[in-house]
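Numbers in the numbering used here are just positions in the sequence shown, counted from 1, shifted up by 552.
Just so it is clear, CB atoms sit at the ideal spot from N, CA and C, and this is done for glycine as well.
Structure first, commentary second.
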Amino acid sequence: MTVPLLELREVSKVYGARLLGRRRDPAVKNVSFALEAGRPEVFAIIGESGSGKSSLARMVLGMSAASSGQVLFRGRDLARLRGRRARLDFMQQVQPIFQNPFEAFNPLVRVDRYLFSTARHLAGANDAAAAATAADLALQQVGLSLAEVRGRFPHEMSGGQLQRAAIARALIPGPALLVADEPVSMIDASLRMTIVNLFRELRDRLKVSIIYITHDLATAYTISDRIVIMRHGEVVEQGEARAVLSAPRHPYSIQLKEAVLSVEAAGDDTHQPAYG
553 MTVPLLELRE VSKVYGARLL GRRRDPAVKN VSFALEAGRP EVFAIIGESG SGKSSLARMV
613 LGMSAASSGQ VLFRGRDLAR LRGRRARLDF MQQVQPIFQN PFEAFNPLVR VDRYLFSTAR
673 HLAGANDAAA AATAADLALQ QVGLSLAEVR GRFPHEMSGG QLQRAAIARA LIPGPALLVA
733 DEPVSMIDAS LRMTIVNLFR ELRDRLKVSI IYITHDLATA YTISDRIVIM RHGEVVEQGE
793 ARAVLSAPRH PYSIQLKEAV LSVEAAGDDT HQPAYG
């Protein structure tokens, strides 16, 4: 039996201790799903603010430990990763893409310095020329080039360009999994679908799986292979994306779909679902 690329087994997360003698409600409660190895996909985690989706992302990235349950990457429990070599190996294979590209880069540091550093530390580039080559190859995967980025500070680039640079940085080690947490919510609406479609292209071209975390059903419907819908830390519905979003069963899923359709009816062209 093939070991999954990523597997969550009854994962829960509770922040802090008891409050006035009462246990805090879990941010994530008994979440289970798996991504198959050798089968690249866009796996969307959908929910409103406070649904637990970002807490889930932090656990998948090894940035936060589960309170109970297991998060396994290629069969290894992240809670048991020990030593610099094990952590480095994990970071090479699992890379994050955060919500706000302007917060992902220090405004006083040139963007290319981040790319070169990643190439040296995570991709084995042993000199400046090798680091530049690795950075340029990754940038070309997202429609940029090192010539366009070299020497520029974050404020000298648009939000869309900077998010592409952030994606390129994540691609440099050749990861098997990208974890993208609301990656288009801070980007101009006219550019969002360009970035969204880029993830689908990377799945097909580089054979990388992507966990795509969003509150937006429209973009999830457009690019996802499978989805989970979360509410108050729990998964209320999951399955093949078009099947779930075309005919949701849980009342909360139905409510989310109706909210998107009501916006469509009002003439908002920033959403592009084609339900049904």
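Is the Cβ-Cβ distance between residue i and residue j less than 8 Å?
i      : j      : result
Arg702 : Asp664 : yes
Val612 : Val787 : no
Phe595 : Tyr764 : yes
Val646 : Leu723 : no
Arg662 : Phe705 : yes
Gln693 : Leu608 : no
Ala631 : Val563 : no
Determine the closest residue to residue i out of the options, with distance taken between C-alpha atoms.
i      : options                        : result
Ile739 : Pro578, Gly726, Leu714         : Leu714
Ala718 : Ala799, Ile597, Val580, Gln651 : Gln651
Phe668 : Pro648, Leu743, Ala690         : Ala690
Ala683 : Arg610, Pro725, Arg801, Ile747 : Pro725
Ser584 : Thr766, Glu734, Ile597         : Ile597
Arg716 : Leu769, Asp641, Phe654, His767 : Phe654
Glu734 : Ser606, Glu562, Thr670         : Ser606
Thr670 : Val694, Gln644, Gln692         : Gln644
Gly614 : Ala638, Glu593, Pro592         : Ala638
Pro592 : Leu769, Ala811, Ala656, Asp777 : Asp777
Pro648 : Gly602, Ala811, Ile762, Met709 : Ile762
Ala586 : Ala656, Ile779, Ser798, Gln807 : Ile779
Ser620 : Arg628, Val736, Asn582, Asp641 : Asn582
Pro727 : Ala686, Ala699, Leu633, Phe642 : Phe642
Closer than 6 Å by C-beta to residue i: which residues in its own chain qualify, once you throw out the five before and the five after it? Chain order, please.
i      : result
Gly604 : Ala579, Val580, Met782, Gly785
Arg576 : Val566, Gly568
Met709 : none
By Cβ distance below 7 Å, which residues in the same chain neighbour residue i in space, the five residues on each side in sequence not counted?
i      : result
Glu789 : Ile781, Val796, Pro800, Arg801, His802, Ser805
Arg610 : Ser616
Ser697 : Asp688, Leu691
His707 : Pro659
Ala747 : The question names Ala, yet the displayed sequence has Ile at residue 747. So the qualifying residues of the chain are Gly712, Gln715, Pro735, Val736, Ile739.
Give every residue of the same chain whose Cβ lies closer than 8 Å to the Cβ of residue i, excluding the five residues on either side of it in the sequence, and list them in chain order.
i      : result
Ala680 : Phe668
Thr554 : Glu588, Ala589, Gly590
Gly711 : Pro653, Phe654, Met738, Ile739, Asp740, Leu743
Glu600 : His767, Arg783
Leu750 : Val694, Gly695, Arg716, Ile719
Asn678 : Arg672
Leu808 : Ile598, Leu769, Ile781, Pro800
Asp629 : Gln622, Val623
Does the contact criterion of 3 or more C-beta pairs under 8 Å hold for the stretch 758-773 versus the stretch 791-799? With the cut-off at 8 Å, the stretch 758-773 and the stretch 791-799 touch.
Kindly confirm or deny that the stretch 623-630 and the stretch 555-566 touch, where touching means at least three C-beta pairs closer than 8 Å. yes
Between the stretch 752-769 and the stretch 668-682, do three or more beta carbon pairs fall short of 8 Å? Contact between the stretch 752-769 and the stretch 668-682 is absent, because fewer than three Cβ pairs lie under 8 Å.
Length at least 3, wholly inside the stretch 613-671: the beta strand (DSSP E) runs in chain order: 620-625, 646-649
Inside the stretch 689-774 only - beta strand (DSSP E) runs reaching at least 3 residues: 729-733, 761-766
Please go through the stretch 773-812 and give each complete alpha helix (DSSP H) segment of 4 or more residues, from N-terminal end onward. Here the runs fully enclosed are 793-798.
Along the chain, which unbroken stretches of the alpha helix (DSSP H) at least 4 residues long are found entirely within the stretch 570-605? none
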